[in-house]
RNA sequence: UGGGAUGUAGCCAAGUGGUAAGGCAACGGGUUUUGGCUCCGUCAUUCGAAGGUUCGAACCCUUCCAUCCCAGCCA
């Protein structure tokens with residue numbers, strides 16, 4: 126069994142000629158980069174960055190950005206930096222830095238030694254701020270936060286200039302230095318850019334550049350008590366790192382004007398910011414605020430709960446990084462806000478796992494089968510391929526004996542039309558083993574099926590039809606005496622509605638949690654699974670794809686359901702009902 | 001009511017003046033020792049709407065409509 130835990134390099138699965146042929150047209154970002162390369166705008170260089178704030182775990186939305194930034198760099202023979210945007214000490218923690226590193230690496234992002242932190246630039250950023258002050262383009266403002274809001278004006282009304290706006294350079298410099306020196310309490314003053322209080326773009330109405338925060342920073346400790354704001358930090362960080370294309374999401378379109386303003390004011394190297402639409406998925410929430418709430422309030426077991434859309438959750442669920450990359454490639458890139466259907470992700474997961482996951486047998490809702498004409502103490506071993514279409518996966522042996530377990534759902538006392546499985550008098554194939562015919566169902570007083578009495582056809586060894594007779598149904602099974610008990614966690618959507626973000630007045634997204642998002646069952650596995658390791662991904666034949674969980678103990682394996690198989694019978698039956 | 005961004009099928013998404021790619025979903029069928037995979041077929045006379053320019057418009061022009069973003073000392 127392969128452990129299939131090692132991710133391939135990022136672009137290998139998106140750059141095959143066949144794929145490219147199937148995907149005509151570059152997305153608008155790659156098209157622009159190609160134009161820039163053609164015109165020599167950045168000397169033909171491509172240098173991107175993935176800039177997460179270490180205040181939470183990475184999720185599917187970040188996957189899109191990671192695939193884009195690292196993918197673009199790779200495709201254009203450029204580089205992509207990993208940069209932690211850590212300018213707000215009260216929200217950021219080292220725990221998140223660790224998880225982000227792990228997740229980016231898992232997804233296939235390679236940043237070599239280019240791991241940067243906005244906090245690395247604090248001193249430079251400070252010097253640039255003094256420079257802006259000396260140029261008369263920044264000033265220290267004593268207004269309170271509330272006053273600044275009032276002075277800002279509204280969407281339709283221009284703002285008013287702060288009474289402190291025209292302090293002298295000397296006074297500003299002195300005040301800013303004293304801010305840095307810790308002479309003032311939190312909120313007492315801020316440094317603002319002097320731009321235009323009447324700008325129709327609110328971002329440009331003298332944006333705050335620095336605020337006072339007497340707080341310990343996860344990297345700089347207590348070295349600073351003033352911290353730069355995002356808009357000021359991001360463009361300078363990009364510039365300092367020689368980024369060519371600064372890719373971000375659509376909500377930053379308004380901020381681009383300020384991005385450009387800062388760099389122009391300082392006369393620095395100027396990367397190009399380009400915005401794209403963020404990813405939304407049906408039946409899930411992808412906002413940090415909501416994800417953190419799910420974790421903190423205990424609606425899930427943690428950031429890596431397999432129902433979480435976090436990369437660590439998806440990984441634990443058994444989703445391969447290759448599937449995520451394929452998903453991001455299929456979703457495409459545009460400037461329209463969009464919500465992708467979960468079925469698209471599910472398709473990518475199944476597509477990869479179908480090709481790569483070894484097949485094994487497991488019974489999750491057992492019903493005992495006794496084969497009356499099979500010798501009492503006989504045990505046979507059947508050789509079974511791990512993959513029906515790909516012999517390179519090899520095979521294993523599975524024991525067969527008189528007493529077996531099959532899936533309760535594979536038997537019906539009164540079979541509906543087109544039911545190809547077991548029922549009284551019906552014959553079915555036990556996968557890779559024998560044909561059996563059900564003679565009798567033993568029931569309890571309540572009418573529950575306790576056990577099935579069957580007979581087998583010795584001529585059908587291996588599941589072959591001895592005389593060419595057709596047996597439509599093939600079901601999976603495990604040998605009762607040899608099966609390994611296991612805990613199996615059946616996961617479903619975390620939310621019961623398509624869009625948990627849009628809920629009626631008075632409700633919150635938490636009111637739409639799916640009460641059946643996790644069902645734990647005790648299953649029985651074929652013995653070959655004894656050798657599996659946490660992280661191994663397999664297909665339980667006819668049931669779905671499963672991944673061995675880290676909660677497994679030597680005597681007690683735990684498997685998470687990654688995805689079910691498509692089930693056209695369930696669909697058919699539903700229609701009939 | 002200011003500014004910005006965006007409207008192509010149920011969901012993504014190509015298309016950039018020459019007569020609507022592709023994928024997901026859905027539906028019908030073939031195949032099948034997984035009711036899986038796979039294969040074949042169906043699925044936009046029309047591109048947010050209305051006018052206009054043109055031999056010709058999803059693409060150009062005008063007006064309108066809808067959705068999203070911005071009033072953090074968050075990112």
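Residue numbers (the numbering used here): 126 to 702. For each residue, glycine too, the CB sits at the ideal point set by N, CA and C.
Query - Same chain only: Cβ atoms within 7 angstroms of residue 148, ignoring 5 sequence neighbours per side - result: Caution is warranted here: a pLDDT of 46 is assigned to residue 148, below 50, making its placement in the model unreliable, and the coordinate value is therefore given only provisionally. Correct list: empty, nothing qualifies.
Query raised in the report: If we call anything under 8 angstroms between Cβ atoms a contact, is residue 577 one with residue 536?
Result: Their beta carbons are under 8 angstroms apart, which means residue 577 touches residue 536 by this criterion.
Report task. Taking all protein chains shown into account, decide if residue 145 is buried (16 or more other Cβ within 10 angstroms of its Cβ) or exposed. Result -> Note that residue 145 scores a pLDDT of 35, beneath 50, so its modelled location is shaky and nothing firm can be said.
**Report entry** 8 angstroms Cβ cutoff met for residue 316 and residue 334
**Finding:** Against a cut-off of 8 angstroms, the Cβ pair of residue 334 and residue 316 comes out as a contact.
Query raised in the report: Quick one: what does DSSP say residue 457 is sitting in, helix, strand or coil?
Result: It is coil, neither helix nor strand.
Query - Alpha carbon of residue 240 to alpha carbon of residue 208, nearest angstrom - result: The alpha-carbon atoms of residue 240 and residue 208 are separated by roughly 6 angstroms.
Requested in this report: Look at the Cβ atom of residue 557, then the Cβ atom of residue 593, and state whether they are nearer than 8 angstroms.
Outcome: Not a contact, by the Cβ cut-off of 8 angstroms.
Requested in this report: Write down the C-beta distance between residue 383 and residue 356 rounded to the nearest angstrom, noting that I regard them as a contact closer than 8 angstroms.
Outcome: Their Cβ separation, rounded to whole angstroms, is 5 angstroms, which keeps residue 383 and residue 356 in contact under 8 angstroms.
Requested in this report: Return helix, strand or coil for residue 641, following the three-state DSSP convention.
Outcome: Here residue 641 sits in coil by DSSP.
Query raised in the report: Beta carbon of residue 432, beta carbon of residue 425: below 8 angstroms?
Result: A contact, by the Cβ cut-off of 8 angstroms.
Requested in this report: Please classify residue 400: does DSSP put it in a helix, a strand, or coil?
Outcome: Collapsing the DSSP output to three states places residue 400 in a strand.
Query - Cβ contact check for the segment 562 to 580 and the segment 645 to 654: 3 or more pairs under 8 angstroms - result: Judged by Cβ distances under 8 angstroms, the segment 562 to 580 makes no contact with the segment 645 to 654, as fewer than three pairs qualify.
Query - Opposing strand residues paired with residue 197 [DSSP bridges] - result: According to the DSSP secondary-structure assignment, residue 197 is paired through a beta bridge with no residue.
**Report entry** Alpha-carbon spacing of residue 516 relative to residue 509, whole angstroms
**Finding:** Residue 516 and residue 509 have their C-alpha atoms roughly 11 angstroms apart.
Requested in this report: Spell out the partners DSSP gives residue 673 in its beta bridges.
Outcome: DSSP lists 684 as partners of residue 673.
Requested in this report: Check the DSSP bridge columns for residue 547 and list the partner residues they point to.
Outcome: Within the DSSP secondary-structure output, residue 547 pairs in a beta bridge with 536.
Requested in this report: Count the other CB atoms, across all protein chains shown, that sit within 10 Å of the CB of residue 571; report buried if there are 16 or more and exposed otherwise.
Outcome: Residue 571 should be labelled exposed.
Query - Own chain partners of residue 184 with C-beta closer than 7 angstroms, once the 5 adjacent residues on each side are dropped - result: Around residue 184: 411, 416, 434, 435 and 436.
**Report entry** Element boundaries [beta strand (DSSP E), containing residue 333]
**Finding:** For residue 333, the enclosing beta strand (DSSP E) starts and ends at 333 to 337.
Query raised in the report: Quick one: what's residue 509 bridged to in DSSP?
Result: Its beta-bridge partners are 521.
**Report entry** Outcome for residue 479 when other beta-carbon atoms lying within 10 angstroms are tallied against a minimum of 16
**Finding:** With fewer than 16 other Cβ atoms within 10 Å, it is exposed.
Query raised in the report: For residue 289, does the three-state DSSP call read helix, strand or coil?
Result: Coil.
Query raised in the report: Are the beta-carbon atoms of residue 725 and residue 611 separated by less than 8 angstroms?
Result: Past the boundaries of the shown model lies residue 725; the chain is included only from 126 to 702, so the question cannot be answered.
Report task. Could you spell out the range, first to last residue, of the beta strand (DSSP E) harbouring residue 602? Result -> Counting along the chain, the beta strand (DSSP E) containing residue 602 begins and ends at 602 to 604.
Requested in this report: Quick one: grab the DSSP three-state call for residue 696.
Outcome: In the structure shown, residue 696 sits in a helix (DSSP, three-state: H, G or I).
Query - Where the beta strand (DSSP E) through residue 578 begins and ends - result: Start and end: 574 to 582.
Requested in this report: Could you tell me whether the Cβ atoms of residue 504 and residue 524 are closer together than 8 angstroms?
Outcome: In this structure, residue 504 lies near residue 524, with their beta-carbon atoms less than 8 angstroms apart.
Query raised in the report: Between which two residues does the alpha helix (DSSP H) containing residue 481 stretch?
Result: For residue 481, the enclosing alpha helix (DSSP H) begins and ends at 467 to 481.
Query raised in the report: Under a Cβ-count criterion, where at least 16 other Cβ atoms within 10 Å of its own Cβ denotes burial, should residue 346 be classed as buried or exposed?
Result: With fewer than 16 other Cβ atoms within 10 Å, it is exposed.
Query raised in the report: So, helix, strand or coil for residue 256, using DSSP?
Result: It is helical.
Requested in this report: Would you grab the beta carbon distance between residue 278 and residue 330 for me? Rounded to a whole angstrom, and I think it's under 8 angstroms.
Outcome: The pair is a contact, with the Cβ atoms about 7 angstroms apart (cut-off 8 angstroms).
Requested in this report: Compute the Euclidean distance between the alpha carbons of residue 237 and residue 198, then round it to the nearest angstrom.
Outcome: When only Cα atoms are considered, residue 237 and residue 198 end up about 13 angstroms apart.
**Report entry** Rounded straight-line distance, which links the Cα of residue 625 to that of residue 637
**Finding:** When rounded, the separation of the alpha-carbon atoms in residue 637 and residue 625 is 7 angstroms.
Report task. State yes or no: is the C-beta of residue 446 within less than 8 angstroms of the C-beta of residue 233? Result -> Contact flag set, yes.
Requested in this report: Would you check if the distance between the CB atom of residue 664 and the CB atom of residue 521 is smaller than 8 angstroms?
Outcome: Going by C-beta atoms, residue 664 is not nearer than 8 angstroms to residue 521.
**Report entry** Three-way DSSP call (helix, strand, coil) for residue 320 in this model
**Finding:** Residue 320 falls in the coil class under three-state DSSP.
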